[in-house]
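Structure first, commentary second.
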Amino acid sequence: MSTLDDLGPVPPVPGERAPSRPPVPGAGVTVLAGPTAVGKGTVSAYIREHYPQAWLSVSATTRAARPGEEDGVHYYFTTPEEFDGLVERDEMLEWAVVHGAHRYGTRRDRVMDAVAAGRHVLLEIDLQGARQVRRTLPEATFVFLAPPSWEELVARLVGRGTEGPAEQRRRLETARLELAAEPEFDAVVVNDTVERAAAELVRLMGLDPASGVPAA
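Numbering (UniProt numbering), first residue to last: 1 to 216.
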C-alpha cells in the first residue's frame, strides 16, 4: 500500500510549527485526518461556525440520515446505486468503506469549484481518504489531528458512550494503527482544546485566526 511519507516533507513533532510550503495556485486544499474519537468533527464544526472564510467539504455517504442531520449540510445522503455511479464516472476525489459498513466520499466537482472560487477548502476525512487525495492533489496541505495522549483518546472514546465494549475495543485497535500514520502528514495539530486546535488549523489553511480572513 502506498503511503504519504515518501511523497511529502518530514512533519514536525506535535506543537512544533509546520515547515514552510511554496505557494500554490488558488486558495488550496487542507486535508484533516486523525484517529477515531480525536475530535475531527468537533474541530471542523467549530471552524464552520467561527471562520466563515473556510469552506468545509460535505461528504457523500450511503448510510441513512440520523435524527437532526440535514442533506447537504451534514452529508449528501445517496443510495448505493447513486454512489456507484459517482465512482464509475470518476466523480469522487476520494472514497472508502468505513468500519466495514457504509461508504463515504468527497465529490471532486464541489471541491474544485470551491478552489476555483478562491475559497480556503478543508476536507475532514479518514486516513484512507487522505492517502487517496495525496495521490490526486499532492500540493494540498495534510494535517494530522492528534490527541494530547493515548489515555485522553481512550477517555474520549469511552466517554461519548455511543459504542459498546466490543466496538470500543475494535475502534481503539484501529486508533493505534491510525496514530502510527502521523509521520505521513505535513503538520500535526494537538487537540488539547477545540478553540486552540481550530485556530492552529485555520492558520495552516492560510487564514488569520484572529480575523478569519486570508493572512497577509
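Positions of the beta carbon are idealized from the N, C-alpha and C atoms, including for glycine.
For M92, the residue or residues it bridges with in DSSP: R107
Who are the Cβ neighbours of M112 in its own chain at under 6 Å, not counting the five residues just before and after it? none
Beta-ladder partner(s) of V143, from DSSP: L32 and A187
Should the stretch 133 to 146 be called in touch with the stretch 179 to 197, which here means at least 3 C-beta pairs below 8 Å? yes
Applying the criterion that 16 or more other CB atoms from any shown protein chain within 10 Å of the CB defines a buried residue, is E49 buried or exposed? exposed
Element boundaries [alpha helix (DSSP H), containing E178]: P165 to L179
Buried or exposed: where does P138 fall if 16 or more other Cβ atoms within 10 Å of its Cβ makes it buried? exposed
For E124, does the three-state DSSP call read helix, strand or coil? strand
Report yes or no: do three or more beta-carbon pairs, one from the stretch 159 to 172 and one from the stretch 45 to 61, lie closer than 8 Å? no
Are the Cβ atoms of residue 228 and E91 separated by less than 9 Å? This structure does not reach residue 228, given that the chain is present from 1 up to 216, and the question cannot be answered.
Whole-Å CB distance - V189 paired with L201, under 8 Å assumed: 5 Å
Taking all protein chains shown into account, do 16 or more other C-beta atoms lie within 10 angstroms of the C-beta of W150, making it buried, or fewer, making it exposed? exposed
In angstroms with no decimal places, state the Cα-to-Cα distance between V115 and G28. 6 Å
Please report how far the alpha carbon of T30 lies from the alpha carbon of D186, in whole angstroms. 10 Å
Quick one: what does DSSP say R63 is sitting in, helix, strand or coil? coil
Does the Cβ of A117 have 16 or more other Cβ atoms within 10 Å, making it buried, or fewer, making it exposed? exposed
Less than 9 Å separating the beta-carbons of I125 and A33? yes
Who are the Cβ neighbours of H120 in its own chain at under 8 Å, not counting the five residues just before and after it? A27, G28, T30, Q53, A54, W55, M205, G206, L207 and P214
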